[in-house]
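Just so you know, the sequence shown maps onto residues 2 to 366 in my numbering.
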Amino acid sequence: GGIITIDSTAEGEFGAFADMFWEAWERGEPTKPTEFKAHFYNWQWDDEEISKITEVDSNIPQEFVDYQLAHNKKARADKRFEKITDIQLTYYYYKWLSLNKDWDLLRQEYPTTPEEAFISSGNKFFNADKLQKMRVLPGEKMGDWTYYREYTPGHRYALGADVAEGVGRDASSIHIIDFDAKNEKGLLKPEVVAEYYSNKIPADLFAYEVRNGGIHYGTCLAAVERNNHGHATLSKLKDIYNNIYTEIRHDKITDKQTEKLGYHTNLATKPKMLYDLKTVINEDDIEINSAPTLRELRTYDAEDLARVRFDDEQVVHWDRVMSLAIAFQMRNHATPSSMRDPDLKDRDEESPADTLDRFGVLGSI
2 GGIITIDSTA
12 EGEFGAFADM
22 FWEAWERGEP
32 TKPTEFKAHF
42 YNWQWDDEEI
52 SKITEVDSNI
62 PQEFVDYQLA
72 HNKKARADKR
82 FEKITDIQLT
92 YYYYKWLSLN
102 KDWDLLRQEY
112 PTTPEEAFIS
122 SGNKFFNADK
132 LQKMRVLPGE
142 KMGDWTYYRE
152 YTPGHRYALG
162 ADVAEGVGRD
172 ASSIHIIDFD
182 AKNEKGLLKP
192 EVVAEYYSNK
202 IPADLFAYEV
212 RNGGIHYGTC
222 LAAVERNNHG
232 HATLSKLKDI
242 YNNIYTEIRH
252 DKITDKQTEK
262 LGYHTNLATK
272 PKMLYDLKTV
282 INEDDIEINS
292 APTLRELRTY
302 DAEDLARVRF
312 DDEQVVHWDR
322 VMSLAIAFQM
332 RNHATPSSMR
342 DPDLKDRDEE
352 SPADTLDRFG
362 VLGSI
């Protein structure tokens, strides 16, 4: 009948405390008596200090006003946050001045959101301000899948998959992008419509999840990273799915289609796919929708660009970042989606377990 309270300052994005907090924060209200509930106490709660500010400073820079507007928009959508008042903004501005106008230090010492609280030193690759302003949708959870948008016939979809061993460390991840999605002005803006994430599923059985996701979005193009454990996934996938990306080799004269299934991540392709993703994020030309993926993007360290081999000693593998980057590389290869195979049931009618059972693999799990 007792209650355990863990009170800690966030130092860095990784480790047991960070994992516990984000699991609880993203889950929401506890569903079991053994689950923790996440509480975030920000600088806005410091009533005694803020009460010393008696009037709004008229010289507050525009970037602070923009920050206030962006945060208040988020607060309207998520009741866990509270709006920043003009008096509070003045207090925040004075703290910035006291920290030698260092935005990173301000967000670390006086975080407004949990994401800011977990910021640590390091050479971050993606622009934190751009990621902070991105839209987040709750999505529909079904097992290890989260669906943000339903299938639109005729749209160009593509799937990117990062494959793990499935032993509880790094995770297998999938992102599906709709390249014909449109923004509120009716302009094309690629959008993440679904994602999958699990650190338990074996690499060969992961092929069935790739297939399920692809079928749900019009038998879309599936690009599976073939490094390491990806070979096991591709070996099974080629027997059960017919729209798999095959490597295209680029040279100075022409692009040559090869017979190699999957997307190969190496010292040439990895920087390109990540810089392409960085550019589209900086230009506000993609909707990512996923809070966990945006959090991974915020923590991605530029030093990882030169790492292509799996390393057991590496603390984090940024699996969601990799699958998203691979999916975006398919923007020039995806074709308009077709009708689903009539022999396959809709997702609402068939669970992943049903799919596995039809292929005779449940007995081996």
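We put the beta carbon where it would ideally sit given N, CA and C, even for glycine.
Leu-189 versus Pro-337 - alpha carbon distance: 14 Å
task: Would you check if the region 192 to 208 and the region 152 to 169 touch, i.e. whether three or more CB-CB distances between them fall below 8 Å?
output: yes
field: Segments of 4+ residues assigned as alpha helix (DSSP H) that fall wholly inside the region 181 to 231
entry: 204 to 217
query: Is the Cβ-Cβ distance between Glu-166 and Ala-204 less than 8 Å?
result: yes
message: Please identify the residue among Pro-293, Asp-320, Gln-330 and Arg-332 whose C-alpha is closest to the C-alpha of Ala-19.
response: Pro-293
query: Should Tyr-148 be counted as a contact of the ligand COA given a C-beta to heavy atom distance under 7 Å?
result: Of the ligands one can find in the structure shown there are none, so the ligand COA has no counterpart to examine.
- prompt: Hey, is Leu-138's beta-carbon within less than 8 Å of any beta-carbon in chain C?
  reply: The displayed structure is made up of one protein chain only, and chain C is not part of it.
task: Taking the CB atoms as reference points, tell me whether Asn-124 and Glu-304 lie closer together than 8 Å.
output: yes
- request: Measure the Cβ-Cβ separation of Tyr-111 and Ile-54 and say whether it is below 8 Å.
  value: no
Proximity winner among Arg-136, Trp-23 and Gly-16, relative to Lys-75 (alpha-carbon distances): Arg-136
message: Rounded to whole angstroms, what is the Cα-Cα separation between Lys-131 and Ile-282?
response: 7 Å
- prompt: Taking the Cβ atom as the reference point for each residue, do Leu-90 and Ile-51 lie within a distance shorter than 8 Å?
  reply: no
- request: Compute the Euclidean distance between the alpha carbons of Glu-36 and Thr-247, then round it to the nearest angstrom.
  value: 44 Å
field: N- and C-terminal bounds of the beta strand (DSSP E) containing His-72
entry: Here His-72 belongs to no beta strand (DSSP E); instead the alpha helix (DSSP H) covers 63 to 78.
- prompt: What are the partner residues of Ala-162, as DSSP defines its beta bridges?
  reply: Ile-175 and Val-225
Glu-117 (DSSP reduced to helix, strand or coil): helix
field: Contact check, Ile-177 vs Glu-210, beta carbons under 8 Å
entry: no
query: To which residues of the same chain is Asp-145 closer than 7 Å at the C-beta, ignoring the five residues directly before and after it?
result: Tyr-197, Tyr-198 and Ser-199
message: Can you list, in chain order, the residues of its chain with a C-beta nearer than 7 Å to that of Val-57? Leave out the 5 residues immediately preceding and following it.
response: Asp-87, Ile-88 and Thr-91
Backbone CA spacing between Asn-244 and Leu-107 [nearest angstrom]: 48 Å
task: Let me know the secondary structure DSSP gives Trp-319 once reduced to three states.
output: coil
- prompt: Can you name the start and end residues of the alpha helix (DSSP H) that Thr-300 belongs to?
  reply: 292 to 300
task: Can you give me the start and stop residues for the alpha helix (DSSP H) that Phe-148 sits inside?
output: According to the sequence as given, residue 148 is Tyr; it is not Phe. Not the alpha helix (DSSP H): Tyr-148 falls in the beta strand (DSSP E), residues 146 to 148.
message: On a Cα-Cα basis, can you pick out the residue from Gln-330, Asn-229 and His-230 that is closest to Lys-279?
response: Gln-330
- prompt: Using a Cβ-Cβ cut-off of 6 Å (strictly less than) and excluding sequence neighbours within five positions of Trp-44, which residues of its own chain qualify?
  reply: Tyr-111
- request: Within its chain, find whatever has a CB closer than 6 Å to the CB of Arg-359; leave out the 5 residues flanking it on each side and keep chain order.
  value: Model confidence at Arg-359 stands at a pLDDT of 44, short of 50, so the residue's coordinates are unreliable and nothing is read from them.
task: Starting from Met-274, follow the beta strand (DSSP E) in both directions and report where the run begins and ends.
output: Met-274 -> not in any beta strand (DSSP E); alpha helix (DSSP H) instead, spanning 270 to 283.
query: By a C-beta neighbour count over all protein chains shown, 10 Å radius and 16 as the cutoff for buried, is Asn-290 buried or exposed?
result: buried
- prompt: Does the distance from the CB of Tyr-94 to the CB of Phe-126 come in under 8 Å?
  reply: no
message: Buried or exposed for Phe-15, going by 16 or more other Cβ atoms inside 10 Å?
response: exposed
- request: Answer with buried or exposed for Pro-343, where buried requires no fewer than 16 other C-beta atoms within 10 angstroms of its C-beta.
  value: Reliability of the predicted coordinates at Pro-343 is poor, the pLDDT of 40 falling under 50, and no value is obtained from them.
task: Measure the C-alpha to C-alpha separation of Asp-8 and Gln-63 and round it to an integer number of angstroms.
output: 35 Å
task: Measure the alpha-carbon distance for Asp-179 versus Asn-101 and round it to whole angstroms.
output: 43 Å
- request: Mind reading off the beta-carbon distance from Ile-327 to Gly-161? Whole number of angstroms is fine, and I expect it under 8 Å.
  value: 3 Å
For Tyr-93, the three-state DSSP class (helix, strand or coil): helix
- prompt: Cα separation between Arg-296 and Glu-116?
  reply: 7 Å
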